[in-house]
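Chains as they are written, first to last, in our numbering: chain E, 24 to 136; chain C, 432 to 543. Even glycine gets a Cβ: it sits at the ideal position worked out from N, Cα and C. The structure under discussion appears below in the form of structure tokens.
Structural data, given as structure tokens:
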């Protein structure tokens, strides 16, 4: 079946602009995660959604970052007033339940000029 | 709190040689442990996982890893490297129901 999809695959923006990144999880997966992968670094957890529970936002690096999820479907990660240090690959993952492995999308490469 | 340390940011082996990628973890709860692989310009793919069943875990593409609680390790091995194994490998830990905590990754190079 279809895997996790993310759009856009690449995004170039100017410093100070807002960006929205989209994630479509695998159908039926209740858990959805956002991670950030900066050049030469491991993956950094950003935010986690599980069903209708309040999201775990403990990994968001600043209040410029926010995310929403519509039910158990699409999620949008928004970065306001982008900075150059926001340049990274943003990865989304979903899981059928929190105790199972996570399936990753191909990522969105964000470049802030 | 949980953390993962991958020893060696870059490992080089010859084709046919043993692959050993090291991972140590710390966790205050019984951990779930994972190895993911990321091929160039692709997303992460699960290689194998440990979830408190057998301590020796076999994964895809001939990889396996052994959970050693006494050493807090979960090293990844493959008896004979192939050129196609060249990629970046990430070890990750989670408690049940939490996000994954990833190591910084190890780039595996395979030479002929």
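Check: Between the Cα of residue 62 of chain E and the Cα atoms of C:485, C:536 and C:506, which residue gives the shortest distance?
Finding: C:536
Item checked: Contacts of residue 65 of chain E in chain C (Cβ-Cβ under 7 Å) -> 521, 533, 534, 535 and 536
Item checked: Rounded straight-line distance, which links the Cα of residue 49 of chain E to that of residue 42 of chain E -> 23 Å
Item checked: Under 7 Å (Cβ pairs) to chain C, residues found in the region 118 to 130 of chain E -> 121, 122, 124, 125, 127, 128, 129 and 130
Margin query: For residue 96 of chain E, count the other beta carbons within 10 Å of its own beta carbon; 16 or more makes it buried, fewer makes it exposed. Which is it?
Written below: exposed
Item checked: Proximal chain E residues relative to residue 465 of chain C, where beta-carbon distance stays under 9 Å -> 124 and 125
Margin query: If you follow the beta strand (DSSP E) that residue 470 of chain C is in, where does it begin and where does it stop?
Written below: Unbroken run through residue 470 of chain C: none, as it is neither H nor E.
Item checked: Nearest-angstrom Cα separation, counted from residue 75 of chain E out to residue 442 of chain C -> 43 Å
Note to self: Give me the chain E residues within the contact set of residue 447 of chain C, using Cβ-Cβ distance strictly less than 9 Å, ordered along the chain.
What the structure shows: Simply none; closest approach about 29 Å.
Check: What do you get for residue 487 of chain C, buried or exposed, if any count of 16 or more other CB atoms within 10 angstroms of its CB means buried?
Finding: exposed
Margin query: For the region 464 to 483 of chain C, list every residue whose C-beta sits within 8 Å of some C-beta in chain E, in sequence order.
Written below: 465, 467, 473, 474, 475, 476, 477, 480 and 482
Item checked: Extent of the continuous beta strand (DSSP E) to which residue 480 of chain C belongs -> 475 to 481
Check: What is the residue span of the beta strand (DSSP E) that residue 54 of chain E lies within?
Finding: 54 to 60
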